[in-house]
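Chains as they are written, first to last, in full-length UniProt numbering: chain A, 1 to 367; chain B, 1 to 302.
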């Protein structure tokens, strides 16, 4: 139960010239599930570790509730952290691993027992309390790491890529477990990941970072549908959004093999902002490129002839790599129609869903 | 032709046979310099052989019975145990603690570690001479400053109560760099995240040391204990240089006494061999006990 406020947080490591994190501002609401996402080295873990108190804050103020905690030791911040490699104490049993923090806080033995047993029940660890970490599977270790945080009932839960050491199936399972845990505990959680799917599925709000700078903060819906810039557009969503430089002129965009009319609202925005005759970045999500007859019929003015270079069947959908007059694009289409490389394919672009970004700043022009 | 180049022939090509061939040099060295002298010592201990091998005859257990009557031998053994009890724990504790404090690879820590390791590379003879001179009541630097400060000047190596602790301290000073280096590698292999988790759990630096570091390096502590115990039980050089076993045999160690029996008049090599055999058995017992303790602790931890 806590609000966290990061005000102009900067981090520069010793002997480093550049800031690892630059001017990070964020208000985390009580009980909110925040996910920091970005490519490796973007500063997301560094920011989390600053909140934990494991890294010093170079500049700026960090508030937990009303207090500035920049110089408060980790143990006095009332936080718990789950590490990527779990960081379980190898020589202690599961019980002792979870009880360690409570013992250090001189909690009465009965209460420790009660709390650990409660957490163990919640996480399905009751039968494993006497085991040592070496005798546990990856998923079980992950649960113990969560349990160690749960027993403390901290104000804030911090998780640093907690699922990246698990195999794909277990990862999806534990993702749901973490979502449930958040429901049950009603604690503020900050979660770091490089996996945009984890971010999309878990977060109340996502913080997308690149090169130490926040690119966008928003709900999963917002960041997916209204990306602030080309980086967010390409990072969120899988397969990634198609982004191509095109020339805009008189309501049409033209590029290598591309010649499309933009939607009326887009035309208005582009004209108003003086992009007529300019180069812009045209972005379209793979699922907004359609191949069904009904879509082709609906917007014949956006239909283009393409050639399939690679077809990947994922089950319900096919991911098609298509050659649009020399420009490589990716489309996600219904797998009911059979596709194979070399085929020609007529596709329709849903220009209402197209995104346009400035070529210099990569900031969004029109959504 | 090609086959002959690539193989040693049918017999040696069998995996086991070839392995023994590769082990042969080590086995030979072990046999000639360890096993043979060991067996030889045990054999000689049942004779009254002297250094010049004249009039040798078999005397059975006489040498061993003599040991139990020999007050100087018992005294030497007690001195050795005393030295070991002073030296080994001190060296291990100092080594591990220093390694823990210097575990981060900062420039200062690297420099400090090198400084602590420096005495290791000089010989005990040199270290002994240096400290004997620094602490010499007549010409030493320390007594000089004590005198200047108007403080009483102790006799250091000439004081029967001080001599053995001083020799032990000198040994710790000279050798704890080894314990430091060995425990450092063990300590540095502990993942940082364990300490970070403990920090968030609320552990102080001391609690991290006792709850994380120590349990993680039990095998290393065992190794240090065993090698150190063996070395301490065979202490010789530094005592020979600083006190020559004095004053009044207060610092005479087992190996020193053995040496004086065998290599000074009347050159009783047989008796010296018997004493060596006794020392060997004692070291073997101590080592075995230490190994068992370490093994049990290790099992408890993993």
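Cβ atoms here follow ideal geometry from the backbone N, Cα and C, with glycine treated the same way.
Closest Cα partner of residue i within the set the options
| i | options | result |
| --- | --- | --- |
| residue 176/A | 298/A, 202/A, 206/A, 2/A | 202/A |
| residue 315/A | 336/A, 306/A, 330/A, 355/A | 336/A |
| residue 169/A | 138/A, 306/A, 361/A, 111/A | 138/A |
| residue 59/B | 44/B, 73/B, 265/B, 51/B | 44/B |
| residue 350/A | 332/A, 338/A, 48/A, 36/A | 332/A |
| residue 82/A | 70/A, 71/A, 93/A, 98/A | 98/A |
| residue 288/A | 277/A, 303/A, 29/A | 303/A |
| residue 222/A | 199/A, 108/A, 242/A, 147/A | 199/A |
| residue 121/A | 106/A, 148/A, 102/A, 5/A | 148/A |
| residue 100/B | 257/B, 268/B, 214/B | 214/B |
| residue 347/A | 187/A, 300/A, 6/A | 300/A |
| residue 18/A | 26/A, 5/A, 42/A | 42/A |
| residue 88/B | 301/B, 275/B, 173/B, 21/B | 173/B |
| residue 232/A | 254/A, 206/A, 114/A | 206/A |
| residue 32/A | 158/A, 125/A, 45/A | 158/A |
| residue 250/A | 244/A, 275/A, 226/A | 275/A |
Delimiting residues of the beta strand (DSSP E) encompassing residue i
| i | result |
| --- | --- |
| residue 6/A | 4 to 11 |
| residue 311/A | 303 to 313 |
| residue 206/A | 205 to 210 |
| residue 122/B | Segment: none, residue 122/B is in no beta strand (DSSP E) and carries neither H nor E. |
| residue 252/A | 252 to 255 |
| residue 249/B | Residue 249/B -> no beta strand (DSSP E), and no H or E assigned at all. |
| residue 114/A | Note, residue 114/A: premise wrong, no beta strand (DSSP E); alpha helix (DSSP H) at 109 to 123. |
| residue 282/A | 279 to 284 |
| residue 60/A | 59 to 64 |
Residue i: contacting residues in chain B (beta-carbon distance under 7 Å)
| i | result |
| --- | --- |
| residue 85/A | 191, 193 |
| residue 100/A | 201 |
Contact list for residue i against chain B, beta-carbon separation under 8 Å
| i | result |
| --- | --- |
| residue 75/A | 199, 200, 201, 202, 203 |
| residue 105/A | 202 |
Contact under 8 Å by Cβ, residue i with residue j
| i | j | result |
| --- | --- | --- |
| residue 140/A | residue 128/A | yes |
| residue 124/B | residue 232/B | no |
| residue 191/A | residue 294/A | no |
| residue 103/B | residue 188/B | yes |
| residue 163/B | residue 90/B | no |
| residue 228/B | residue 92/B | yes |
| residue 260/A | residue 365/A | no |
| residue 312/A | residue 322/A | no |
| residue 282/A | residue 356/A | yes |
| residue 65/A | residue 3/A | yes |
| residue 354/A | residue 258/A | no |
| residue 325/A | residue 256/A | yes |
| residue 74/A | residue 200/B | yes |
| residue 151/A | residue 116/A | yes |
| residue 273/B | residue 54/B | no |
| residue 36/B | residue 263/B | no |
| residue 238/A | residue 196/A | yes |
| residue 47/A | residue 10/A | no |
| residue 297/B | residue 218/B | yes |
| residue 340/A | residue 230/A | no |
| residue 239/B | residue 132/B | no |
Delimiting residues of the alpha helix (DSSP H) encompassing residue i
| i | result |
| --- | --- |
| residue 293/A | 293 to 298 |
| residue 361/A | Counting along the chain, residue 361/A falls outside any alpha helix (DSSP H), and DSSP gives it neither H nor E. |
| residue 241/A | Counting along the chain, residue 241/A falls outside any alpha helix (DSSP H), and DSSP gives it neither H nor E. |
| residue 157/B | No alpha helix (DSSP H) contains residue 157/B, which DSSP labels as neither H nor E. |
| residue 94/A | 94 to 104 |
| residue 58/B | First-last for residue 58/B: undefined, no H or E at that position. |
Partner residues on chain A for residue i, Cβ-Cβ distance less than 9 Å
| i | result |
| --- | --- |
| residue 196/B | 49, 52, 54, 74, 81, 83, 87 |
| residue 215/B | 89, 90, 91, 92 |
Where residue i meets chain A, residues with beta-carbon distance less than 8 Å
| i | result |
| --- | --- |
| residue 96/B | Within chain A, no residue comes near residue 96/B; the closest Cβ sits about 16 Å away, beyond 8 Å. |
| residue 212/B | 89 |
Neighbour list for residue i in chain A, Cβ cutoff strictly below 7 Å
| i | result |
| --- | --- |
| residue 326/B | This structure cannot speak to residue 326/B, because chain B is shown only from 1 to 302. |
| residue 339/B | Residue 339/B is absent from the structure shown; chain B starts at 1 and stops at 302. |
| residue 301/B | 91 |
| said: Across the stretch 174 to 189 of chain B and the stretch 152 to 163 of chain B, are there enough close Cβ pairs to call them in contact, namely three or more that are closer than 8 Å? | reply: Fewer than three beta-carbon pairs drawn from the stretch 174 to 189 of chain B and the stretch 152 to 163 of chain B are found closer than 8 Å, and the two stretches are therefore not classed as touching.
| query | Between the stretch 32 to 46 of chain B and the stretch 180 to 193 of chain B, do at least 3 Cβ pairs fall closer than 8 Å? | reply | Contact between the stretch 32 to 46 of chain B and the stretch 180 to 193 of chain B is absent, because fewer than three Cβ pairs lie under 8 Å.
| query | Using 8 Å as the threshold, is the stretch 116 to 131 of chain A in touch with the stretch 159 to 173 of chain A, meaning 3 or more CB pairs across them? | reply | The stretch 116 to 131 of chain A is not in contact with the stretch 159 to 173 of chain A.
| query | Would you call the stretch 253 to 260 of chain B and the stretch 65 to 84 of chain B touching, i.e. three or more CB-CB distances under 8 Å? | reply | Result yes; three or more Cβ-Cβ pairs closer than 8 Å.
| contact_flag[the stretch 63 to 72 of chain B, the stretch 284 to 293 of chain B] where n(CB pairs < 8 Å) is 3 or more | These segments do not touch.
| task | Please determine if the stretch 210 to 220 of chain A and the stretch 9 to 28 of chain A are in contact, where contact requires at least 3 C-beta pairs separated by less than 8 Å. | result | At 8 Å Cβ cutoff, the stretches touch.
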